[in-house]
Each structure stands twice: as structure tokens, then as C-alpha cells.
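Heads up: the structure comes next, in C-alpha cells.
2 protein chains.
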Amino acid sequence: MGVTIKDVAKLAKVAPSTVSRVIANNPRISEKTKQKVRAAMEQLGYHPNFIARSLASQSTQAIGLVMPSSTDVVFQNPFFPTVLRGISEAAHERQYALHMTTGKTEEEIYDGVIQMVQGRRVDGLVLLYSKVEDPVLNYLQDRDFPFVVVGKPFKHEETISHVDNDNFRAAKDVTNYLLQLGHEQIAFVGGNVNLVVTVDRVLGYEKALREAKIPFRNEYIVHEKFLKEGGQEAVRELLLLDKPPTALVVADDLMAIGILNTLTELGIQVPEDISVVGFNNVLLAEMSRPPLTSVDINIFDLGYHATKTLIQLVENPNEPVKRMIVSHRIIKRSSCSIPSLKRPIMS
Amino acid sequence: MGVTIKDVAKLAKVAPSTVSRVIANNPRISEKTKQKVRAAMEQLGYHPNFIARSLASQSTQAIGLVMPSSTDVVFQNPFFPTVLRGISEAAHERQYALHMTTGKTEEEIYDGVIQMVQGRRVDGLVLLYSKVEDPVLNYLQDRDFPFVVVGKPFKHEETISHVDNDNFRAAKDVTNYLLQLGHEQIAFVGGNVNLVVTVDRVLGYEKALREAKIPFRNEYIVHEKFLKEGGQEAVRELLLLDKPPTALVVADDLMAIGILNTLTELGIQVPEDISVVGFNNVLLAEMSRPPLTSVDINIFDLGYHATKTLIQLVENPNEPVKRMIVSHRIIKRSSCSIPSLKRPIMS
DNA sequence: TTGTAGGCGTTATCAG
DNA sequence: CTGATAACGCCTACAA
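So the sequences go chain by chain: A and B. When we follow the numbering used here, the leftmost residue of the first sequence carries the number 1, and every step to the right adds one. When we follow the numbering used here, the leftmost residue of the second sequence carries the number 1, and every step to the right adds one.
Shown next, in the form of C-alpha cells:
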């Protein structure tokens, strides 16, 4: 069927091993033979068989991606196409291919990982999420299989290579921004509390308030699903409070946009009546009405560096643990202003 | 390192070939030996090496995904996570893994495909886009490599297995819907004209107008990039016309949402002053203000059936070409109404 | 600098 | 029903 190394060898009148060496660009092959062999490869349209190569060399030149549950709303988040871009760019630079697992349940995902690892299909893994108590992560650590997580591991932070934002700091920054504008009644709307990123962001928010000596209110923290109706529920709850917030820190842009819409629907003006900031700075943030102030977390870089790191780990067995923080910055648009004197009223 | 079939054989006191047969669940192995072997596998924590298996069996149990250029705005579209879900579900059902290629340029993508195909890394491919004159597609056809396209191939429609919507019909339906509401000045805002889907949708739109004997206006058709500012540009152009449209058929939800926002910004009311319909019915469509009327094209099914089809193709060498049409339906929300008497004015 | 031979972990073909 | 044995296509000592 396919043309193999032997065919090339025959045509070039050399041994198969020589052809193999030419492919690997082994320096101790004479330039002349290289030419000859390359010509033969060209002529026959030879392409190396990765499978055979993998078997012999015990390395696949492929990295595996572990996504969150495909039924989870976060899967729909534009976050993923963007990290993927970063990942694939880094992989491409070093000639690695991408292998994927997705699944509906945690168990399916776990099984997929096992297939990839034990089946020797990939050289390393990038985990595209970080949640508390993740069996996948434990499994990988136990087997000492190379992997990097995008986000901060729930525990063993020091022994697991990862690439993250300083989400604590980001949330603090953005809360401070609102404080500086004069807000004192600032609420936090978070997503799935099983995700480490959510936890970090609440903590940063709380810290900012504490430092500003703003009394902390439990009712000001609501956790909803990241997308969709989530936002709407959260808003209603908050507006029904005795003292409704004048500003909202929302842990995800999509949810923030949902909230924006709900507010508009209720006849509440943003930013006049209430200010809103989101996280991630997705494409849509600038398209919303009003354009959303959001924390850009450089999603692309997250993926890019995670993959770079993984490849180092894979190629250099005793590479030390790497922890990298990708910068963030507040993109100020039009969804925040100084607090209004009148309180927002649900119409 | 890893435990192999030989280790299992030794422990179970059988030949390696027998173990292999047990794995394949070969019926002519006695139940007793199967038990014995399985126990040994369990005890040793054996997992088959996919790479070795692939080499011997000449099949990888992996299917490759070809994405559009990662720099392309369409890549950001929620369309992709959703097809991916469909794909991965179908793949999972039949125990296939997913292998990916992405690239910034058309050439990178092409090279990636060659790697997958010639490198024997995948058994078949799903193309996640369909554009005019695609070298990837030509290559695959020439080599007679199994593949399925999501969307309608630009040419050779009859000889290429694909799963598509009837986009012509969908666009016609939605245009008719607007006509029925009483609109006569209906414009079309399309995306990248190199995508077959765009072409189909304009044609359907035109057809509806023709059947309704509405004089066709060239200025009513504008093509912009699918996302982002695109929408805004398009709107401005249209509103500056002598006789601005009272309704817009927009080839993509994200662009439609952009347009919605632009209109709001200009002080133009939707649907009072102008009606808007989109395509794809992405999650965001119901979150927009006003909620967007959109054509649901069952994106998940597109991916699911494409993959099902591909697997059949792969497993059954002389499977005939399959062409499947996934249904669509208009989801009526609040972005359309009967035309207003006053013409929309840019404020 | 190049060739020979064995091995990577499975599957598949033949015998028995 | 089960056991040898030869592929699968490439890599890598070891020899020459």
C-alpha cells in the first residue's frame, strides 16, 4: 500500500537504516547520500508512518487535551476556542499533534484519559480546567505522567506544573476599581463553585472589600451557572435585597452579558443605576450594550504557555515543576460609572 | 515499563496470541481461559497499547478533525464547541478517539492533514467547514481517503459524503416569514463568501424574493465578516440607502447580535423599526435584547451524523456515498414584527 | 559513514 | 480451542 522506508532504501540503493538516519537528519550521514535518499523519498512521495515510528521510539509527538464535561455549560464558553488556538500554536511550533477526549460524565472523561495514557497515544496532557478533587489529576500524579493544568490546581499547587492567571489579584483589582469609583455596595456573581477559578475570584473580591473596610455581606455573593439563565436568577435575587448592590463583579463575561440584558429588561440602566464588570474579555464583551468592562486574562497565552511547558516536560524528563502566571488587565468600557444616588428599582 | 500482553500471557500460563484473542473477545476461546486471562489482566493492571495495535491492525480507531483557520473569526463561533460535542458523542459511542489539526494558514492546515493521512494517524476525517476550491478536499478525493464534510461541498456534491442543512431552503423559509409579516424591503447580510453556507443562504433569500415578485436590489446584499464589527459596517451601509430595509436576514447569529447592538446604539428600535433574523440559534440568541429570532440548524446533529457516517465509511470500505440533510426550524423570538410605517432614521 | 539484526507490542495466519 | 511464528514500519545498538 503505502511507500515505506524500504522502498526508499531500495530506490536509493542504501540500507533502510540509512534512510531512517536521513529522516532524523543524523549528522554522520554524508551529504551525498542524504541528497540521494531525499531524492528517492521525493520521487516516491514517501511520508513516514507515525504509528510505526511511535512504536519504535516510544514517543508519539502528540499531546492530549482534557476538556471539561461536554454537557457542562462552560464547554460553550468562547474560552475554549481561544485556549485551543494558543495550544495548537505552541504544539504546531514543535510539531506536536493534538489528541482529544471529551465526555459527558466525569467517568467518561476519566476513561478517556486512561485510554490516552495507558494506550500510549500521547506523550503528555493539558488539562483545560481545574476543579476541586479531580480524579484525573490524582491518577496522573500517581503514575507520574507528564501534564500541565490550565488554571490553578486545587491542591499540591507546588508540585504540579500549571499556567494560570492571578485570579485572586484580578478580582481584587477589579473590585478596587469599583471602590475607587465610589461604590460600596458591591456584589459578586460567581459560577460553578467546584472550579478553582471561581473560588479564587470570590476570595480576591472579599479581600478588596476587607481592605477597604467595607462590611462584608453574605447576601452579596451568589453563585450561579456560568451561562444563560444563570445570570438572570442571580440578578433577581440581588435586586430583591433590602439594600441592593450598586455594582456587580461577575466571574464570567457571558454571565455578565446575560445580566446586562436582564437589567435592561427590568428597566435598570447600566451603568447609571448599576455598574457591571466581567471576566475574560471575550469577543462579545465589546459588542454588548453597553460595551462591557472586563478583565482580559490573555486566554490565548494561557493555552500557549501551558503547551510550551508541557513539551519541555515531555522532552526533558527531569524538568522541574513550572508555575507560570499570565498577566491580566482591566479593559475599561462603558458598563461602569460612579454610583447613582437613587437606588435601582425593579420596574 | 508498561505491562504487555506477554506478561499477561505468562501469568495466565497461555500464549500471547491467546491473550490477544481474549482482548478481541474471540468466540473460539473457551470461557474458562477467558476468565483466567481476564483475571491476569486485572491483576497486572494491563491496558492494551494502542500504538502497537494500530501498527499491526492497520487501523487507529481515531478520526481526524479538520478545523478552519484558527485565525479566522469563524473559529470563535459557538458553532464549533457544539459540533464538537456531536462529533465526540458519536465517536465515543463507537470507541473512536479524536485527533486534531488546526493551523493559521491554509497551508499549515493542509500540511496537518497530510501528516494525519500519510502518517496513518487516523482512519478518516471530518471536515468542519466547506469552502470553495479547497485543496484539502481535492487531496482526500485523489487519495480516496475516507472523509465526510460538515456542510455542502462546493462541487462534486454527489460523490462526497456530507451532512448539511438545507440552507437554501432555510434562508428561503425565513425570508418568507418576513414577507408574510408584510416586509418588502428585506436585506441580506452574509459572511465570508468563500463559505458554501453563505452562498446557499443568499440564494435561498433571493429565491424567496423572486417568488414573491419583489424586485431584487443589489444594494440589499452585503457581505461582511461573520463576527464583530462586521455587523456594524453592514448596518451603516444599509441604513444610508435611499430606501433602507425594514427587515434583515443575517447569515449568522453573532453577526445578528452585533447588528442588534448597533441598531440600539443608533436609536433604532428592534423590532419596531426594523426586524432581524439570524441563523444557528446559538445560546446567546435567547439572551440578546430583544431575544433574537433565529433558524435553529441542529448543530449538534450535524457533528453527530457526520461522524456516524464517517465511521461507517471507515469500517465498510465499499459503503456508498451518503448525503444527509439535517432539519432546521425557525425559532421565533422577539426580533421580528410587522413593518413600521415610518422609515428607520439614523439618529 | 553505512549495513545488519533485533526489538517495540499487537494482530493474524497456520498448524496442531 | 490454542500455540508458534511472521508480519506491521521504523529505530538503534553493534558491526563493519
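We put the CB at the ideal spot given by N, CA and C, even for glycine. Quick caveat: nothing in here was measured; it's all calculated off a predicted structure.
D164 (chain A) places its beta carbon 8 angstroms or farther from that of K155 (chain A). Residues of the same chain with a CB within less than 7 angstroms of the CB of V314 (chain A), apart from the 5 flanking positions on each side, are D123, G124 and P146 in chain order. The continuous stretches of beta strand (DSSP E) do not include S59 (chain B), and DSSP gives it neither H nor E. Taking one beta carbon from each stretch, the segment 60 to 79 of chain B and the segment 55 to 62 of chain A have fewer than 3 pairs nearer than 8 angstroms; the two do not touch. In the three-state reduction of the DSSP assignment, K155 (chain B) falls in the coil class. Chain A places a beta carbon closer than 8 angstroms to that of M287 (chain B), counting this residue as a contact. Here the segment 123 to 141 of chain B lies against the segment 184 to 197 of chain B, with 3 or more beta-carbon pairs under 8 angstroms apart. Under the three-state reduction of DSSP output, I274 (chain B) falls in the coil class, being neither helix nor strand.
For E106 (chain B), no CB of chain A lies under 8 angstroms from its own CB, so it is not counted at the interface with that chain. The Cβ-Cβ distance between I29 (chain A) and D173 (chain A) does not fall below 8 angstroms. Contact residues of the segment 91 to 102 of chain A toward chain B are H92, A97, L98, H99, M100, T101 and T102 (C-beta to C-beta distance below 8 angstroms). Assignment of R323 (chain A) by DSSP, reduced to helix, strand and coil, places it in the strand class. Distance from the CA atom of T307 (chain A) to the CA atom of I299 (chain A), rounded to whole angstroms, is 13 angstroms. When Cβ-Cβ separations below 8 angstroms define contact, L283 (chain A) makes contact with chain B. The residue from A:Q115, A:V199 and A:R333 with its alpha-carbon nearest to that of H223 (chain A) is A:V199. For L55 (chain A), the residues of chain B that pass the 7 angstroms Cβ criterion are I51, A52 and L55, in the order they occur in the chain.
Annotation: S275 (chain B) to Y96 (chain B) spans about 44 angstroms, alpha carbon to alpha carbon. The beta carbon of A91 (chain B) sits closer than 8 angstroms to those of I63, A97, L98, T307 and I311, all from its chain and outside the five residues before and after it, given in chain order. Under the 10 Å beta carbon count, D252 (chain A) is surrounded by 16 or more other beta carbons and is classified as buried.
By the Cβ-count criterion, L241 (chain A) is exposed, with fewer than 16 other Cβ atoms from all chains shown falling within 10 Å of its own Cβ. Residue contact with chain B for H47 (chain A): present (Cβ-Cβ distance below 8 angstroms to some residue of chain B). Taken atom to atom, the span from the alpha-carbon of Y304 (chain B) to that of F75 (chain B) is near 19 angstroms. Counting along the chain, I330 (chain A) sits inside the beta strand (DSSP E) bounded by residues R329 to I331. By the Cβ-count criterion, N280 (chain A) is buried, with 16 or more other Cβ atoms from all chains shown falling within 10 Å of its own Cβ. Below 8 angstroms, too few C-beta pairs join the segment 32 to 44 of chain B and the segment 41 to 52 of chain A to call them touching: fewer than three.
By the neighbour-count criterion, in which a residue is buried when 16 or more other Cβ atoms sit within 10 angstroms of its Cβ, Q180 (chain B) is exposed. Assignment of A40 (chain A) by DSSP, reduced to helix, strand and coil, places it in the helix class. Beyond the five residues adjoining it in sequence on each side, T102 (chain B) comes within less than 6 angstroms, by CB distance, of M67 and S70 in the same chain, given in chain order.
Contact with chain A is absent for F216 (chain B), since none of that chain's Cβ atoms lies less than 8 angstroms from the residue's Cβ. Taking 8 angstroms as the cut-off, the Cβ atoms of S337 (chain B) and E286 (chain B) do not count as close.
As DSSP reads the structure, D296 (chain B) sits in a beta bridge with B:R329. Contact annotation: in the segment 291 to 309 of chain A, no residue has its CB less than 7 angstroms from a CB in chain B. Within the segment 230 to 274 of chain B, the runs of beta strand (DSSP E) at least 3 residues long that lie entirely inside it are, in chain order, 247 to 250. By the criterion of a C-beta distance shorter than 6 angstroms, K6 (chain B) is surrounded in its chain by P16, once the five residues flanking it on both sides are discounted. In this structure, I186 (chain A) sits near L209 (chain A), with a CB-CB distance shorter than 8 angstroms. In the displayed model, T101 (chain B) falls within a strand according to three-state DSSP.
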